[in-house]
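Using my numbering, the letters of the sequence shown map in sequence onto residues 566 to 694.
Beta carbons are placed, not taken as given, at the ideal position from N, Cα and C, and that holds for glycine.
Computed from a prediction, not measured in an experiment: that's the story for all the values here.
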Amino acid sequence: MIGSLGATQTVRVIGTNIAGNSIAESFVLNGGMTVDGRKPFASVTKIVLPVQAGSPQTVFVGYSNRLGLLVSIASGADVIQITRRKAGETSYTVESLSDYVVDAVVSTIEPLSIAPTTDSFEVSVRGTQ
């Protein structure tokens with residue numbers, strides 16, 4: 566999310582995750598700098614903007630490389646393996662776990678390098694009860 570230069574208000578994004586559950590996250594704009602979220606939205610249903618005072622301001626909302634997992638994990642050690650099928654390839658290859666940032670708090674993985682939107686991923690995780 567990016568706001569106009571000088572924008573420092575809080576913007577709230579509401580939507581659903583990959584399981585269809587409602588999720589929301591608040592972002593504090595940082596004067597024209599990109600602010601990345603932590604929660605993995607599958608869809609955005611509403612963006613709540615603050616009352617605007619002064620000159621017109623703009624907010625841009627986009628997406629990142631962060632991928633949400635279908636199940637909750639307790640720690641990064643619960644991610645056992647990540648495989649990736651790159652665009653144009655027919656099979657998956659095992660990726661190094663060190664090439665990903667795992668966020669157990671919101672159960673996401675994020676490739677350290679940009680992944681084309683046509684790449685596919687499979688993630689194996691340790692189950693919890």
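- The residue from Pro615, Ile583, Thr682 with its alpha-carbon nearest to that of Ala652 is Thr682.
- Of Gly580, Ala680, Gln646, Leu594, the smallest CA-CA separation from Thr573 is found for Leu594.
- In this chain, Glu654 is not harboured by any beta strand (DSSP E), its DSSP state being neither H nor E.
- DSSP lists Pro676 as the beta-bridge partner residues of Tyr665.
- DSSP, read as helix, strand or coil, puts Ala589 in strand.
- Ile647 and Val670 have their C-alpha atoms some 19 Å from each other.
- The C-beta separation of Gly633 from Thr673 comes to about 5 Å, placing the pair in contact by the 8 Å criterion.
- Closest in C-alpha terms to Ser637, from the list Val667, Val600, Pro676, Ser661, comes Val667.
- As the crow flies, the alpha-carbon of Tyr665 is around 19 Å from that of Phe606.
- Taken through DSSP and simplified to helix, strand or coil, Gly602 comes out as coil.
- Distances from the CA of Thr599 to each of Thr610, Thr623, Gly580 were compared; the closest alpha carbon is that of Thr623.
- For Ile579, the enclosing beta strand (DSSP E) covers residues 575-581.
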